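Let me begin by presenting the structure, written as structure tokens, before commenting on it.
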Amino acid sequence: MAMSLLREEAATRAAVVSAVSYEIDLDLLAAAESDQFGSVTTVRFASHAGASTFLQLRPATLTSATLNGNALDLDKVWDAASGRIALAGLREHNTVVVRAAMAYSHDGEGLHKHVDPADGNTYLYATSALAAAPRWFACFDQPDIKAEITLTVAAPADWTVIANGPATEMAPGRCSFAPTPPMSTYVATVVAGPYHSVHGSHQNIPLGLHVRASLADALDRDAEELLAFTGACLDQFHRMFGIQYPWGEYHQVFCPDFNWGAMENPGCVTFRDSMIFRGRSTTAERTSRAGTIAHEMAHMWFGNLATFAWWDDLWLNESFAEYLGHRVTQAVSEYDAWTEFGAVRKAWGYAADRRPTTHPIAGNGIDDVANALDAFDGISYAKGAAVLKQLVAYLGEDVFLRGLRAYFAAHEYGNATFADLIAAWTAAGATELDEWASAWLRTSGVDTLALSCGVLTRVGSRPHAVTVAAYDARGAELGRGRLRVSGPTTAVAGMPADASLLLPDADDDTWAKLALPPATWEDLPAFVAALPAPARVGVSNALRLAVADAELDPMIAAEIVEALLRSEPDEAVITAVGTWALDALANRFLPPGASRESACGRVAASVRELLSDAEPGSGRQLAAARVLIGATDDLDEVRTWLGGAVPEGVELDADLRWALLGRLVARGQADAAQVDALAVEDQSAQGADHAARLRALIPTPEAKSAAWHTLIFDRAASNYELYATAAGFWHPSQTELTAPYVGRYFAEINSTVAIRGDWVVKRLAAQSYPWTHVEQQTLDLAAALLSTSDLADVLRNPIIDATDDLRRAVASRSVFS
Ligand SMILES: [Zn+2]
Numbered sequence: 064m065a066m067s068l069l070r071e072e073a074a075t076r077a078a079v080v081s082a083v084s085y086e087i088d089l090d091l092l093a094a095a096e097s098d099q100f101g102s103v104t105t106v107r108f109a110s111h112a113g114a115s116t117f118l119q120l121r122p123a124t125l126t127s128a129t130l131n132g133n134a135l136d137l138d139k140v141w142d143a144a145s146g147r148i149a150l151a152g153l154r155e156h157n158t159v160v161v162r163a164a165m166a167y168s169h170d171g172e173g174l175h176k177h178v179d180p181a182d183g184n185t186y187l188y189a190t191s192a193l194a195a196a197p198r199w200f201a202c203f204d205q206p207d208i209k210a211e212i213t214l215t216v217a218a219p220a221d222w223t224v225i226a227n228g229p230a231t232e233m234a235p236g237r238c239s240f241a242p243t244p245p246m247s248t249y250v251a252t253v254v255a256g257p258y259h260s261v262h263g264s265h266q267n268i269p270l271g272l273h274v275r276a277s278l279a280d281a282l283d284r285d286a287e288e289l290l291a292f293t294g295a296c297l298d299q300f301h302r303m304f305g306i307q308y309p310w311g312e313y314h315q316v317f318c319p320d321f322n323w324g325a326m327e328n329p330g331c332v333t334f335r336d337s338m339i340f341r342g343r344s345t346t347a348e349r350t351s352r353a354g355t356i357a358h359e360m361a362h363m364w365f366g367n368l369a370t371f372a373w374w375d376d377l378w379l380n381e382s383f384a385e386y387l388g389h390r391v392t393q394a395v396s397e398y399d400a401w402t403e404f405g406a407v408r409k410a411w412g413y414a415a416d417r418r419p420t421t422h423p424i425a426g427n428g429i430d431d432v433a434n435a436l437d438a439f440d441g442i443s444y445a446k447g448a449a450v451l452k453q454l455v456a457y458l459g460e461d462v463f464l465r466g467l468r469a470y471f472a473a474h475e476y477g478n479a480t481f482a483d484l485i486a487a488w489t490a491a492g493a494t495e496l497d498e499w500a501s502a503w504l505r506t507s508g509v510d511t512l513a514l515s516c517g518v519l520t521r522v523g524s525r526p527h528a529v530t531v532a533a534y535d536a537r538g539a540e541l542g543r544g545r546l547r548v549s550g551p552t553t554a555v556a557g558m559p560a561d562a563s564l565l566l567p568d569a570d571d572d573t574w575a576k577l578a579l580p581p582a583t584w585e586d587l588p589a590f591v592a593a594l595p596a597p598a599r600v601g602v603s604n605a606l607r608l609a610v611a612d613a614e615l616d617p618m619i620a621a622e623i624v625e626a627l628l629r630s631e632p633d634e635a636v637i638t639a640v641g642t643w644a645l646d647a648l649a650n651r652f653l654p655p656g657a658s659r660e661s662a663c664g665r666v667a668a669s670v671r672e673l674l675s676d677a678e679p680g681s682g683r684q685l686a687a688a689r690v691l692i693g694a695t696d697d698l699d700e701v702r703t704w705l706g707g708a709v710p711e712g713v714e715l716d717a718d719l720r721w722a723l724l725g726r727l728v729a730r731g732q733a734d735a736a737q738v739d740a741l742a743v744e745d746q747s748a749q750g751a752d753h754a755a756r757l758r759a760l761i762p763t764p765e766a767k768s769a770a771w772h773t774l775i776f777d778r779a780a781s782n783y784e785l786y787a788t789a790a791g792f793w794h795p796s797q798t799e800l801t802a803p804y805v806g807r808y809f810a811e812i813n814s815t816v817a818i819r820g821d822w823v824v825k826r827l828a829a830q831s832y833p834w835t836h837v838e839q840q841t842l843d844l845a846a847a848l849l850s851t852s853d854l855a856d857v858l859r860n861p862i863i864d865a866t867d868d869l870r871r872a873v874a875s876r877s878v879f880s
């Protein structure tokens, strides 16, 4: 996009502009009726006499702009295409006032407006990341120009308004917020609407939880747990960092149509509101939510207090928040965050690290903010966190924490780089850190570790601190040892020759592909379920990687999954491995027909057993039920459940009913009238999304045509409606029906760039990719599109990644089918 800021431009501007503050005055009074709002920004900053620079704004209409009291001629200074207002003839101290009419967004970026179908209420929230702050106020939008922000909002008198600073005045219809400490524009926010709130406090820090009114009961059920967990996390971060929470109040708002998992705006974190569970939830979902809460709180220091200077150091934010989020959750709660990390997050990261688009953790090479979105991936998050776990083992706890404290003390309210952090650890006593950092942080890809009797073999170049272990044919541990791996081979003592499984990273500590010999794969079904949790997680990741590399027959993998799931205690493993077995193993790697049915049958058999063994009403039972609905081939069973005859303890809530109806719709066993009927019963935002997904899933040419039109051409559809439509469009049992759309995807996807924001464009490119057409012809069409120069930059990486996934399925089928 032409509006995107380049690294060079940012560096030039940072040298010209300093001591910035913004006064933002928003008029949201007509939000319910209007698609626009008023925004007046007063920008004060220091510069050099005679210098020039530019402000950014993406308005519906730019009304006026003044510089130091003089009206600017908009015809001369305003470039609508790039969203830039040129400022020339600057003084030492400058004041710019910009007045504009702005558009509410419906793609989750800028000031998003959502009308809740449950009650017609209007909800607003602003997401400024990565480059959307100019969609609601005029600013120098780059992370290293920090500013004090003072916000005033006119809004309906019965609304709640929340922002980064504490509200200092509340008159009916008008609130103003205290000036914030210096902060980056990408974390500026405002939230407004008839939100339902629960308040609390912890150590004099006011806490708030907020959600739209239709989810009030759901929030109230969990509010006590959420507030207690928030307080415990604050204590833990205070202990670790030695710096008190720096942003005054701490509000957590659960927002509709939210693109990210959450966004760490100082003092006012925004989350996707699917984290407020309207129906039953699993412990795995609550673990993941707790991890997200702790992750966002880590950002209050890592990212918000000390901020990267440019997006190429994104890992300074995300790897640390991901690591600390899991570490703190594990420390202060009963949730097993590290098992969830291994089963869910690491699997995501491994997939990303083996694609053509992989990149080093540190230094992703981003020189254009539009491409920075690509770096919010499994590498910056999961791999970075796994590597930090290794770093703590390398540095020791004491040096790790002393270095961090020094880093915050030196860079609070400012910006810092990778080099600054290395320097802080070195001052704290770390040695040879440059070597370690370049091996782990400046390279991309995954090492392979294999353990045989007496020797651990490494293919790759990185140092590893691991625990090796041996297990017998009943899964009992025969021996273990702690090991530092620094070369191609490492001698290992004490591993018995007759072990059934030799595992190179038994505690799931490092970042590596674990290679197992063919005989071990074949023996695993006999004892995999008896292994300890970290070993089960390690094996499940090794399994997924071996299938993806066409090294392991998917049918053998299905046998291992069946054995693993049959008695799996951990809900995160049940969900992650069960979902992978259906979505990837059965629907991609195995061809349609007998082998796919057999794999689904194995998964269904094992989770059915889990379901009957699990305690009625438990999260484990619910996790098993969800996988079973996707796996079962028995549509009569699906109808029976949908009719209300569910196993004891399973609650037939709205989301479960949508899942069941979806199974019938996909096979042509339920029609649009039944979808409409359920949509009438479930008039929530989630219900609307489910209905959009099921309408796209209906196996008729008319339904596919309508869904495709929405995906490619509909300018008015909201981001969530588009994601739901894409999720329903392709189905592995409907390839005849969707065949004409394979070519259309590659011909038409480029046109979506003109009508949608970057986030939506990228996500839709991935989601609406013809992944069910596992054929060389699809790969050829992808290669042809990727070789053209007119393919928009924002589309390139998602299409490369989706094509790589498809290529792996094609390769596996050619080896094993
Ligand atoms: Zn984060």
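Numbered per our numbering, the sequence shown spans residues 64 to 880.
Using N, Cα and C, we set each Cβ at its ideal position, and we do this for glycine too.
Bear in mind the structure is a predicted one, so any value in this text is a computation, not a measurement.
Residue from the options with nearest C-alpha to residue i
{"i": "Thr506", "options": "Glu540, Ala192, His474, Thr420", "result": "Thr420"}
{"i": "Leu627", "options": "Leu615, Glu614, Gly641", "result": "Gly641"}
{"i": "Ser84", "options": "Ala93, Met246, Leu130", "result": "Met246"}
{"i": "His527", "options": "Ile339, Phe292, Arg545", "result": "Arg545"}
{"i": "Tyr386", "options": "Leu577, Gly441, Ala688", "result": "Gly441"}
{"i": "Ser831", "options": "Leu849, Ala847, Arg807, Thr223", "result": "Arg807"}
{"i": "Ala533", "options": "Pro122, Gly550, Leu579", "result": "Leu579"}
{"i": "Glu498", "options": "Ser524, Thr511, Leu519", "result": "Ser524"}
{"i": "Ala688", "options": "Gly712, Asp699, Leu698", "result": "Gly712"}
{"i": "Arg876", "options": "Thr370, Thr851, Met618", "result": "Met618"}
{"i": "Ser97", "options": "Val161, Leu187, Thr333", "result": "Leu187"}
{"i": "Met326", "options": "Arg237, Gly173, Cys202", "result": "Gly173"}
{"i": "Ala562", "options": "Gly324, Ile812, Phe590, Val395", "result": "Phe590"}
{"i": "Ser427", "options": "Val462, Val395, Glu211, Leu377", "result": "A quick correction: the sequence has Asn, not Ser, at residue 427. Closest by alpha carbon: Leu377."}
{"i": "Ser549", "options": "Ala502, Ala593, Glu540", "result": "Ala502"}
{"i": "Glu631", "options": "Phe200, Ala279, Ser675, Leu564", "result": "Ser675"}
{"i": "Arg302", "options": "Thr345, Gly311, Trp364", "result": "Trp364"}
Classification of residue i by the beta-carbon crowding that lies within 10 angstroms, buried from 16 upward
{"i": "Pro776", "result": "The sequence given here places Phe at residue 776; Pro does not occur at that position. Phe776 is exposed by the Cβ-count criterion."}
{"i": "Arg547", "result": "exposed"}
{"i": "Asp616", "result": "buried"}
{"i": "Val670", "result": "buried"}
{"i": "Glu71", "result": "exposed"}
{"i": "Ser115", "result": "exposed"}
{"i": "Gln307", "result": "exposed"}
{"i": "Ala234", "result": "exposed"}
{"i": "Glu155", "result": "exposed"}
{"i": "Ala95", "result": "exposed"}
{"i": "Ser81", "result": "exposed"}
{"i": "Ala414", "result": "buried"}
{"i": "Asn131", "result": "exposed"}
{"i": "Pro206", "result": "buried"}
{"i": "Pro581", "result": "exposed"}
{"i": "Ala65", "result": "Note on Ala65: pLDDT 47, under 50, position unreliable in the model; no value is reported."}
{"i": "Ala554", "result": "exposed"}
Presumed contact (8 angstroms Cβ cut-off) between residue i and residue j, rounded CB distance
{"i": "Met165", "j": "Phe240", "result": "So it is not a contact: roughly 19 angstroms between Cβ atoms."}
{"i": "Gln299", "j": "Val391", "result": "5 angstroms"}
{"i": "Pro242", "j": "Thr213", "result": "4 angstroms"}
{"i": "Arg282", "j": "Leu272", "result": "According to the sequence shown, residue 282 is Leu rather than Arg. Between Leu272 and Leu282 the Cβ distance is about 6 angstroms, and since that is below 8 angstroms, they are a contact."}
{"i": "Gly354", "j": "His389", "result": "6 angstroms"}
{"i": "Pro319", "j": "Arg275", "result": "6 angstroms"}
{"i": "Leu645", "j": "Ala694", "result": "6 angstroms"}
- Message: Within 8 angstroms, do at least three Cβ pairs link the stretch 488-507 to the stretch 464-472?
- Response: yes
- Counting pairs of beta carbons, one from the stretch 140-154 and one from the stretch 225-233, are three or more of them closer than 8 angstroms? Counting C-beta pairs with one atom in each stretch, the stretch 140-154 and the stretch 225-233 have fewer than three that are closer than 8 angstroms, which means they do not touch.
- Message: Can you confirm whether the stretch 561-581 touches the stretch 838-845 when touching is taken to mean that 3 or more C-beta pairs between the two stretches lie within less than 8 angstroms?
- Response: no
- Task: Indicate whether the contact test is met: 3 or more Cβ pairs, each with one atom in the stretch 104-119 and one in the stretch 129-138, closer than 8 angstroms.
- Result: no
- Message: Is it the case that the stretch 675-690 contacts the stretch 651-665, given that we only count it when at least three CB pairs across the two stretches are under 8 angstroms?
- Response: no
- Query: Can you find at least 3 beta carbon pairs, one from the stretch 737-744 and one from the stretch 774-793, that sit closer than 8 angstroms?
  - Reply: By the Cβ criterion, the stretch 737-744 is not in contact with the stretch 774-793, since fewer than three pairs of Cβ atoms, one from each stretch, lie closer than 8 angstroms.
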